Each structure stands twice: as structure tokens, then as C-alpha cells.
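J.:
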Amino acid sequence: MVSDLAREILLTLTGPRNYDRAAGNYDRAAGNYDRAARARLRRVLVDELHEAHEQPLQLPEPHDDRLQAIARMLYEEPGDNASLAELGQAIGASARTLSRLFHNELGMTFYQWRTQLRIFHALVLLADGHDTTHVAHACGWANPSSFIAAFTKLIGTTPGRYRTGRGVLPGE
């Protein structure tokens with residue numbers, strides 16, 4: 001995850017206005033930066049990237065039998081919108097107990113864990129070539145825009161860019 005500043009610098013450095021090699025210095029009308037200005041922007045970008053916190057792409061696996069049962073159900077049907085109470089009823093545990101277990105064992109809420117599970121499933125579907133609308137519905141989102149927002153927040157790029165190969169995941 002990078003700062004807004006780093007994102008804007010990256011967009012500035014890679015935007016189409018920087019491909020005009022004939023302009024030797026900054027021309028406000030054309031929007032071109034000279035070599036020294038681009039070097040300064042790159043140094044700021046490197047500083048910003050050093051400060052960025054790496055977001056690991058991993059889904060914590062539960063160890064508790066009750067959480068494992070819920071995980072199995074949601075692995076089989078990631079689009080299931082059952083509440084924690086409804087899932088708990090199916091396995092014989094209260095929502096409060098399960099909520100506490102998710103927090104204590106996995107360090108996140110049930111909602112956060114299920115969102116990550118759905119995003120992981122979405123990555124597979126997108127890699128298989130499915131469109132964003134199909135993936136959103138298959139993974140349990142009511143509409144594509146809420147899926148795109150959740151995906152972008154967790155992965156750092158939109159589902160469309162990821163699907164076409166323009167989104168690069170950390171570590172790749």
C-alpha cells in the first residue's frame with residue numbers, strides 16, 4: 001500500500017506526457033518534465049516506497065474446529081452471504097463465540113476474513129478470464145462497484161487491470 005503522493009508521482013512519471021523526448025526541459029504547456037525534475041520525482045518516490053507498509057497476500061487459516069467448519073463452508077461457496085450467526089447456527093456455535101475466535105485466532109473480524117477469502121477466489125476467476133460483473137456476483141457482492149472498491153483496497157489495482165495483466169501484485 002502506497003501513499004497518495006507516491007501514486008501521483010508514479011502516474012506523473014509514467015504518463016503519456018513524459019514520452020516526448022524532443023522537449024529537453026519542463027514545458028508547462030506540454031506538461032513535460034526535464035531530466036533533473038524527473039530525477040527529483042524518482043527520489044521522492046523511492047522515499048515514499050521505503051515508507052510504504054507491505055500488505056501480505058495471505059488468508060490466515062483457522063485452527064479451531066468451529067472456525068475450520070465455517071472456512072470449509074465458505075471455501076465451497078465463497079458467494080454465500082450467510083451472516084456469522086447463521087453460519088454459527090449451522091455448526092452449533094454462537095455468533096459472539098465465533099466473533100471472539102476470529103479476532104483472537106486470526107487477528108481480524110469475520111467480515112475481514114470473508115472479504116479476503118472472496119478476493120482470493122476472485123483472483124482465480126479473473127485469471128481464468130471471467131469479467132468483473134460475473135466475478136463480483138460469484139464472490140457474493142451485490143454489485144460490481146462494491147466488488148471493485150474492495151478488490152482495489154486489498155490488491156492495489158482494479159479487477160480489470162489485474163485481469164488484463166496490467167496490475168502487478170506485490171512480490172511478482
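The opening residue of the sequence shown carries number 1 in the working numbering; numbering runs sequentially from there.
Even for Gly, the Cβ is constructed at its ideal location relative to N, Cα and C.
Quick caveat, the model's predicted, so the values are computed rather than measured.
Using the Cα positions of Gly-24 and Glu-48, report the straight-line distance between them to the nearest angstrom.
T.: Unreliable placement is indicated for Gly-24, whose pLDDT of 47 sits below 50; the coordinate value is still reported in the next sentence. Distance between the alpha carbons of Gly-24 and Glu-48: 27 Å.
J.: For Asp-128, which three-state DSSP category applies?
T.: Of the three classes helix, strand and coil, the one that applies to Asp-128 here is coil, per DSSP.
J.: If you run the structure through DSSP and keep just helix, strand and coil, what is Pro-144?
T.: Helix.
J.: Which term fits Arg-114, buried or exposed, when burial requires 16 or more other beta carbons within 10 angstroms of its beta carbon?
T.: Buried: at least 16 other Cβ atoms inside 10 Å.
J.: Would you kindly work out how many angstroms separate the C-alpha atoms of Leu-154 and Leu-45, rounded to a whole number?
T.: So the alpha carbons of these two residues sit roughly 21 Å apart.
J.: Do Gly-107 and Leu-98 come within 9 Å of each other at the CB atom, strictly closer than that value?
T.: Contact flag unset, no.
J.: Measure from the alpha carbon of Glu-77 to the alpha carbon of each residue in Arg-118, Tyr-162, Leu-41, Phe-147, then state which is nearest.
T.: Residue Arg-118 is the option with its Cα nearest to Glu-77.
J.: In three-state terms, what does DSSP make of Ala-52?
T.: Correct three-state label for Ala-52: coil.
J.: Under 9 Å, do Phe-120 and Leu-67 count as touching if we go by C-beta distance?
T.: No, the pair does not count as a contact, with Cβ atoms beyond the cut-off.
J.: Count the other CB atoms, across all protein chains shown, that sit within 10 Å of the CB of Ala-36; report buried if there are 16 or more and exposed otherwise.
T.: The residue is exposed, with fewer than 16 neighbouring Cβ atoms inside 10 Å.
J.: Using only alpha-carbon positions, find the residue among Leu-123, His-130, Pro-159, Val-135 that is nearest to Leu-59.
T.: Ranking Leu-123, His-130, Pro-159, Val-135 by Cα distance to Leu-59 puts Leu-123 first.
J.: Within 10 angstroms of the Cβ of Tyr-162, are there 16 or more other Cβ atoms? Answer buried if so, exposed if not.
T.: Classification for Tyr-162: buried.
J.: Using alpha carbons as the reference points, say which of Gly-160, Tyr-111, Gly-92, Ala-142 lies closest to Leu-125.
T.: Closest by alpha carbon: Gly-160.
J.: From which residue to which residue does the alpha helix (DSSP H) around Ala-71 run?
T.: Element bounds for Ala-71: 65 to 76.
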